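If you're matching positions, the sequence shown starts at 30 in our numbering and goes up one per residue.
The beta-carbon is built from N, C-alpha and C at its ideal position, and this holds for glycine as well.
Note that this is a predicted model, so its numbers are computed, not measured.
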Amino acid sequence: MKKFVVGVSVVLLTVVLAACGGTNDKKSETKDDSFTKVEKAKKLTVATSGTLFPSSYYNDKNELTGYDVDIIKEVAKRLDLEVEFKEYNVDGQITSVDKGESDLAANDFGLSGERGKKFMLSSPIKYSFDSMIVRKSDSSGISSLEDLKGKKAAGEPNTNYMKIAEKYGAELVTYDNATNDQYLTDVANGRTDVILNDYYLQKMSVGALPDIPVKILEDVYFNANHTGFLMKKESVALSKKINEVLKKMQEDGTTAKISENYFQTDVSVEPKEKVQESVSVE
């Protein structure tokens, strides 16, 4: 069974960056050696989880793969760079980028307001929205976000999903880089009641484990968002190079092809679903 995690992704709750990611004036770029260092080393160091299906996980051949992984591999290839992956949980990935141990993080990242003060995203590689996984038998007694009060919400600590659950009065049950079968089984057996996460990730995880009696709560979609590669705000030169490549990959259809392989749809363009509700945790 492939290993992956549900309660990990951090999402963009408010628009905090332009597509190029952060300030991009000539003065700041002149002082910025973020790409020069990468170019000299001929290597891009990338923090990821290796457990978030289908963004970053190990396949049946024990190879690190996934949507974010394949996108950044292609970016590095076009920049004539090797890629070194370092695996951490969400907090570890962010710390690794912050300390300069990794050049960027690739793990379905968005930005909250606080994180947006210190980090930036690349151009979007995935557009989505949020949803909830509940028990199939009784929907865990949930039919709206307001029904989260008193329910047990599962996820990694310090993610925006858990902050939303807490805002609506849920009891938080935290995991550290656990696999998705554990998350879903705990909802099914009543140890927890609900998982808030990205819709496409939840759709893939529920589909991959059809014997676990859980489901996505239909018609409760919130927080339209997009994700990209997480970098320090000072890494303007690196973000510029990456965004140039991402633009070319979008134009020549490479991004869409990779997306279809993992999501059976093109997540690199904005979805058609109407998402009415926007939830802030600021």
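With distances taken between CA atoms, Val112 lies nearest to Asp97 out of Arg144, Val119, Asp97, Pro186. Every beta strand (DSSP E) of 3 residues or more that sits fully in the segment 249 to 311 is shown, in chain order, as 251 to 261. Closest in C-alpha terms to Ser297, from the list Ile162, Leu275, Ser307, comes Leu275. Residue Thr221 holds the alpha-carbon nearest to the alpha-carbon of Glu200 among Gln211, Ala217, Thr221, Val216. A straight-line Cα-Cα distance of about 10 Å links Lys102 and Gly95. Closest option to Leu93, judged by alpha-carbon separation, among Ser268, Pro83, Gly79: Gly79.
The beta-carbon distance between Phe82 and Ser234, rounded to whole angstroms, is 6 Å. This is short enough to meet the 8 Å contact definition. In the three-state DSSP reduction, Gly184 falls in the strand class (E or B). Per the C-alpha coordinates, the member of Gly179, Asn189, Tyr229, Glu185 positioned closest to Thr208 is Glu185. Just measuring C-alpha positions, the residue of Ser307, Ser288, Ser172, Lys244 sitting nearest Ile100 is Ser288. Apart from sequence neighbours up to five positions away, the residues of its chain that approach Gln231 with a beta-carbon distance below 6 Å are Ser160, Ile162, Ile245, ordered along the chain. Cα atoms of Ile193 and Leu174: separation of roughly 9 Å, rounded to the nearest angstrom.
Here DSSP, grouped into helix, strand and coil, assigns Thr208 to coil. A direct Cα-to-Cα measurement between Met191 and Ala134 gives close to 20 Å. DSSP places Arg107 in no beta strand (DSSP E) but in the uninterrupted alpha helix (DSSP H) bounded by 96 to 107.
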